[in-house]
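Below is one structure, written out as C-alpha cells; the observations come after it.
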Amino acid sequence: MQATTSVPPATTATPSAGPPPVHWLHWGRPLALTTLACFIAGRVALALAIAPGFAAPVALGAGIGLACVLVYGRRMLFGVGIGALLAHSGLVPMHGQAAVVTLWAPLLAAAASALQAFVGAVLVHRFVSRPLTLPLPRDVAMFLLACLASSVVAPTLSAAFLLASSRLPAAQHGFTWLTWWVADLAGLLIATPIALTLIGRPNAEWAPRRMS
Numbered sequence: 000m001q002a003t004t005s006v007p008p009a010t011t012a013t014p015s016a017g018p019p020p021v022h023w024l025h026w027g028r029p030l031a032l033t034t035l036a037c038f039i040a041g042r043v044a045l046a047l048a049i050a051p052g053f054a055a056p057v058a059l060g061a062g063i064g065l066a067c068v069l070v071y072g073r074r075m076l077f078g079v080g081i082g083a084l085l086a087h088s089g090l091v092p093m094h095g096q097a098a099v100v101t102l103w104a105p106l107l108a109a110a111a112s113a114l115q116a117f118v119g120a121v122l123v124h125r126f127v128s129r130p131l132t133l134p135l136p137r138d139v140a141m142f143l144l145a146c147l148a149s150s151v152v153a154p155t156l157s158a159a160f161l162l163a164s165s166r167l168p169a170a171q172h173g174f175t176w177l178t179w180w181v182a183d184l185a186g187l188l189i190a191t192p193i194a195l196t197l198i199g200r201p202n203a204e205w206a207p208r209r210m211s
C-alpha cells in the first residue's frame, strides 16, 4: 500500500499591519487647549502691559507654551503661535498703525513666541534627563539655564521689530526689551512647573507637587 501524505490547506498570507495611526484626538485636543491657554494668558499679559503698552510684567503664556511643547510634542508649537497671534491681533488697531504694520506685528509676535518655545524645548530635551521630572539638582539647574537662554528670543525679535517699524521710540527700546525679557523669564520659571503638575508625564511624579 502506497503511503500518502496529507498536505495542509494553503493559507492566504496577510500583509503585516503597520503601526496604528495616531488618532487626531491624541494631539487635536491638546493643540486646542494649548491655543486657548496661550490666547487667554496673552490677553491677560497685554491687559497688564506697561506703557507704551507692549511689555507686561509677567508673561505666563511663555511658560504654558513651553510646558505643552515638552509634554505633547512639537505639534503644540502651532498652538503657541496661533494663541499668540489671536492675543496680539487686537493690539495693533489701538495704536492706529499702517496696514503693513497691522498685518506683520501679530504675525511676528506669534512667530517669536513659537520660536522661543521651540528653543526652550530643544534645550530642555538636550540637557535635562528624561523623563522630565526634575528629580536631581543638576536637572533643576539645567532647566533654569534653558529657560534663561530661551527667554531672550521673543523679546529680542519683538522689540527689534517695534523699533524698526517706528512703533517704539529708540529711547524706550532698552526698557521695553528688559521688561519683556523679565516677563518671559518669570513666565517660564513660574508657569512651566505649575503647568507640568497638571499635564506632566509621568503623572504619578508631577501630580503630588500640585499643592506645593
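Just so you know, the sequence shown maps onto residues 0 to 211 in numbering that gives the first Met the number 0. In this text, a Cβ means the ideal position worked out from N, Cα and C, and glycines have one as well. Every value quoted in this text rests on a predicted model; they were computed, and no experiment measured them.
- For residue 60, the enclosing alpha helix (DSSP H) starts and ends at 59-71.
- A contact is defined here as three or more CB-CB pairs under 8 Å, and the segment 170-183 fails this definition with respect to the segment 126-143.
- By the neighbour-count criterion, in which a residue is buried when 16 or more other Cβ atoms sit within 10 angstroms of its Cβ, residue 112 is buried.
- Annotation: the continuous alpha helix (DSSP H) that includes residue 78 extends over 75-87.
- Shown here, residue 199 sits in coil according to DSSP, grouped into three states, outside any helix or strand.
- Residue 177 and residue 72 have their alpha carbons spaced roughly 30 Å apart.
- When the beta-carbon positions are compared, residue 199 and residue 59 stay at least 8 Å from each other.
- In the same chain as residue 201, and ignoring 5 residues on each side of it, the C-beta atoms closer than 8 Å to its own belong to 130, 132, in chain order.
- Close CB contacts of residue 81 within its chain, under the 6 Å cut and outside five residues either way in sequence, are with 34 (chain order).
- Sequence-distant partners of residue 191 (beyond 5 residues in either direction) whose C-beta falls short of 6 Å from its own C-beta, in its chain, are 62, 65, 66.
- Cβ contact annotation for residue 137 (same chain, cutoff 7 Å, sequence separation greater than five): none.
- Taking 8 Å as the cut-off, the beta carbon of residue 156 is found closer than this to the beta carbon of residue 107.
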